[in-house]
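Colleague:
2 protein chains.
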Amino acid sequence: MNKKPTIRDVAAKAGVSIATVSKFINSTQRFTAAVERKIQAAIDELAYHSNPLARSMITGKTGSVGVAILDIANPHFTSMVKGANRVALEHGYNLLFVDTEENQAREDELLGALSRRVDGLIVSSRMPEEQMDRILALGKPVVFSGRPAPAGVPSIGVDAYAAAYMIGELLVKQGHRHIAYLGFAPARPDMERMRGLSECLEAHGLPLVRFEVRGPTIAEGERVCSSVILRKEKPDAVVCYNDMVAIGFMGVARSLGISIPSDISVVGVDNIPFGRFTSPALTTVDTQSERLGEEAMRLLFRQIAGENPPDIGHMMLEPRLVMRESTAPRPVAAVEAVAVAVMPRKRGR
Amino acid sequence: MNKKPTIRDVAAKAGVSIATVSKFINSTQRFTAAVERKIQAAIDELAYHSNPLARSMITGKTGSVGVAILDIANPHFTSMVKGANRVALEHGYNLLFVDTEENQAREDELLGALSRRVDGLIVSSRMPEEQMDRILALGKPVVFSGRPAPAGVPSIGVDAYAAAYMIGELLVKQGHRHIAYLGFAPARPDMERMRGLSECLEAHGLPLVRFEVRGPTIAEGERVCSSVILRKEKPDAVVCYNDMVAIGFMGVARSLGISIPSDISVVGVDNIPFGRFTSPALTTVDTQSERLGEEAMRLLFRQIAGENPPDIGHMMLEPRLVMRESTAPRPVAAVEAVAVAVMPRKRGR
DNA sequence: GTGAAAGCGCTAACAG
DNA sequence: CTGTTAGCGCTTTCAC
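In the order they appear, the protein sequences are chains Z and D. At position 69 of the first sequence (counting the first as 1) the number is 49 in this note's numbering, and the numbers step up by one without a gap. At position 239 of the second sequence (counting the first as 1) the number is 219 in this note's numbering, and the numbers step up by one without a gap.
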């Protein structure tokens, strides 16, 4: 643990000035071969590494970018980080990330700390508008992901409305008439998903029942399952806030003797890799998580490169329906039987 | 984007010296209420935030710790990061992580960059010994995770030998006689797992067939499946390097008309959360991923706090068998039929 | 080509 | 209690 060599040590050993060493290291300037060789030798000998902190302090560049996500345990975010990481690396940047653990208070603090150590950040968050302003006030390039951003701030997201509408169409086409949505209100895309789904169903003259989960997690999908199933008018299709909820839901449903998809169709959102391996395989909508991360990072780099944020604007990724086995057409008989359940709607609220 | 306020601006505005402001900010010292109020006012007014880089340069502390992992898409690492993150946060530290993406070359570089920005790091890696020395040469506290570390360097891991032995015992007890291991040689725990399994089987006079995957991934489990199944002497139980491989294997097996566990028992390692939801639910060994991250971070903090690395030593977590549905007892008839397959062993080798 | 000198924003003695 | 004075390790004019 002896002291780290500094640029001064190198300069002394090579018999040149520290300025020369600095320029050599940053390849800001060429020198006579002899000098360069001596410097390189000194560097190797001392195993010198420049101190990025000192450099950053002067240049104002850190060589790192940050990503703040809600929960690294959610494969959607994992994929996003992977995508972002790849692009960051390609640009010669390091990726630092913070997992805010869905914790509003912590988020503010973490983001503040992070923002001072990076050249820009990608924020995937539920924070209210005011807090977003505070982030912008940090003066770093920011890209918001998965949510609408204030005017003039670049953002990226998946068309949640379209995703939900797609799901609605599928379910209706398959003959489902009694559809439930397991929503998670605090999340930004929830409203759009809800809107897409209900508008689609409305267009077909169908109602939508909403249940609430307290988190986008497997555990919450498990928790809410029984109340959905034991409802007087059991839904014949359940749209889950995301794949995690869907997985939890299906797990408990199975253990309760409900057969999916023959009793109830289930669909998730995100298309996490494990959706292929649940039983039955999960029908879902691909939100292109990895691509989301990649593109968010590209947007960020354009900003870092000096492009005007308002010129970058908002980027919207198209969702894609992924049909698997957790949804199935309803036999006609069942459709008609359930149709009655729709009637109460006339009774008004 | 106008210039950031510095401590000097605050001092000027508050009418005190910059040293006073510095001490106030770090609560190194108390001042007269009047002064403190003025300073605070100036800070608020200017929206001043201290620059952690400048601070770090002097104190030599960054307030961050780093974790280097192989692949964030693997839930085992995700959980580990989560555990590590929690403990780091409790200690008032930020967690920075790098995903080395199983890339040997990149790892070196990333680690170098990371190490200069943190007060210590946790390394989960396959790097050869020499490279580990290079990391140690960085002069930062390090904890190695999931692998043996050089003498005197703290490390943490799960008892891979015991884990494998446990699996062996289970399988033998269930009457399996023809057991295969899908190994991943480049990974550190692989050898111990292989040893635990083969020693257990040997004790029962049973052979072990080894197959090789090229990565600890679902895709590799899928790829290797057919060659395992189409083998002349089809195994009646398959032990997979980890749950990811097991999931991939089961997926393809199912599509090939193989029924699990009645045709083949499958067991994984790690106990990732999704193992409960595969079909059938995956029998596995819990490697306590989250706890691994937590304890690794605790070990790291003990080092950062100045404890002598050799005094910290190696920590070994105990694996736990998690019985689910992908393993089943073999009917006696099957056992005897397969027993013949064991015979060739006598032929030597 | 090369080097001297002036800081980046902040902390840490040491005075007063 | 408060201020003065050195730097941390490095980059960056600007001379030589």
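Heads up, the beta-carbon is just placed ideally off N, CA and C, and yes, glycines get one too. What you are looking at is a predicted structure, and each value in this text was computed from that prediction instead of being measured.
Can you pull the chain D residues whose beta carbon is under 8 Å from the beta carbon of Z:Ala231, in chain order?
Modeller: Going by the sequence as given, residue 231 of chain Z is Gly instead of Ala. Here the neighbours are Arg256 and Phe257.
Colleague: Who are the near neighbours of Z:Gly231 in its chain, counting only those whose CB is closer than 7 Å to its CB and skipping five residues on each side?
Modeller: Glu202
Colleague: Across the segment 41 to 54 of chain D and the segment 98 to 112 of chain D, are there enough close Cβ pairs to call them in contact, namely three or more that are closer than 8 Å?
Modeller: yes
Colleague: Would you call Z:Leu63 buried or exposed, if buried means 16 or more other Cβ atoms sit within 10 Å of its Cβ?
Modeller: According to the sequence provided, residue 63 of chain Z is Gly. The question's Leu does not apply to it. It counts as buried.
Colleague: Would you call the segment 134 to 144 of chain D and the segment 169 to 186 of chain D touching, i.e. three or more CB-CB distances under 8 Å?
Modeller: yes
Colleague: Starting from the Cα of Z:Arg96, find the closest Cα among D:Pro32, D:Leu94, D:Leu150 and D:Thr80 and give me that residue.
Modeller: D:Pro32
Colleague: On the three-state DSSP scale, how would you describe Z:Ser306?
Modeller: coil
Colleague: Are the beta-carbon atoms of Z:Val265 and Z:Met146 separated by less than 8 Å?
Modeller: yes
Colleague: Under a three-way DSSP split, which group does D:Met37 fall into?
Modeller: helix
Colleague: Confirm, please, whether the CB-CB distance from D:Val247 to D:Thr307 is below 8 Å.
Modeller: Between D:Thr307 and D:Val247, the C-beta spacing is below 8 Å.
Colleague: Can you tell me the Cβ-Cβ gap for D:Ala160 and D:Pro215, rounded? I've got them flagged as a contact below 8 Å.
Modeller: So it is a contact: roughly 4 Å between Cβ atoms.
Colleague: Output, in sequence order along the chain, the residues in the segment 187 to 203 of chain Z whose CB is closer than 9 Å to any CB in chain D.
Modeller: Ile198
Colleague: Is the CB-CB distance between Z:Glu89 and Z:Leu50 below 8 Å?
Modeller: no
Colleague: For a test of the three-state rule: what should DSSP assign to D:Ile252, helix, strand or coil?
Modeller: In the structure shown, D:Ile252 sits in coil (DSSP, three-state: anything other than H, G, I, E or B).
Colleague: With DSSP collapsed to three states, give me the class of D:Ala217.
Modeller: strand
Colleague: Rounded to the nearest angstrom, what separates D:Val369 and Z:Lys(-7) at their Cα positions?
Modeller: Any answer about residue 369 of chain D is impossible in this case: the structure gives chain D only from -19 up to 329.
Colleague: Between D:Pro290, D:Ile244 and D:Pro121, which lies nearest to D:Lys41 when the distance is taken from Cα to Cα?
Modeller: D:Pro121
Colleague: Quick one: residues in its chain with C-beta nearer than 6 Å to the C-beta of D:Ala165, no 5 flanking neighbours on either side, listed in chain order?
Modeller: none
Colleague: Residues of chain D with CB under 8 Å from Z:Ser59, in chain order?
Modeller: Simply Ala53.
Colleague: Could you tell me whether any Cβ in chain Z is nearer than 8 Å to the Cβ of D:Leu101?
Modeller: Output row for D:Leu101: interface = no.
Colleague: In this structure, how does DSSP classify Z:His184 when only helix, strand and coil are distinguished?
Modeller: Coil, per DSSP.
Colleague: Residues in the segment 287 to 315 of chain D with C-beta within 7 Å of chain Z's C-beta atoms, listed in sequence order?
Modeller: none
Colleague: Using the beta-carbon count (16 or more within 10 Å), is D:Ile38 buried or exposed?
Modeller: exposed
Colleague: Assuming the contact rule is C-beta atoms closer than 8 Å, Z:Val133 and Z:Leu116 should be a hit. Round their C-beta distance to whole Å, please.
Modeller: 7 Å
Colleague: Can you tell which of Z:Gly237, Z:Gln111, Z:Tyr141 and Z:Asp243 has its C-alpha closest to the C-alpha of Z:Arg157?
Modeller: Z:Asp243
Colleague: At what residues does the beta strand (DSSP E) containing D:Ile49 begin and finish?
Modeller: Ser44 to Ile49
Colleague: Along the chain, where does the alpha helix (DSSP H) containing Z:Gly92 start, and where does it finish?
Modeller: Gln84 to Ser95
Colleague: In the structure shown, what three-state DSSP assignment does D:Glu192 receive?
Modeller: In the structure shown, the three-state DSSP call for D:Glu192 is strand.
Colleague: Under a Cβ-count criterion, where at least 16 other Cβ atoms within 10 Å of its own Cβ denotes burial, should Z:Glu87 be classed as buried or exposed?
Modeller: By the 10 Å Cβ count, Z:Glu87 comes out buried.
Colleague: Which first and last residues belong to the beta strand (DSSP E) in which D:Pro265 is found?
Modeller: Contrary to the premise, residue 265 of chain D reads as Val rather than Pro in this sequence. In the DSSP assignment, D:Val265 falls within the beta strand (DSSP E) that extends over Thr264 to Asp266.
Colleague: Check each candidate in D:Arg271, D:Asn251 and D:Ser269 and name the one with the smallest Cα separation from D:Thr263.
Modeller: D:Asn251
Colleague: Report yes if the CB atom of Z:Pro55 is closer than 8 Å to the CB atom of Z:Phe257, and no otherwise.
Modeller: no
Colleague: For a contact defined as C-beta to C-beta under 8 Å, what are the partners of Z:Gly92 on chain D?
Modeller: His29
Colleague: Quick one: using the 10 Å Cβ neighbour count with 16 as the cut-off for buried, is D:Gly(-5) buried or exposed?
Modeller: exposed
Colleague: As an exercise, report each continuous beta strand (DSSP E) stretch of at least 3 residues that is fully enclosed by the segment 135 to 172 of chain Z, in chain order.
Modeller: 135 to 138 and 159 to 163
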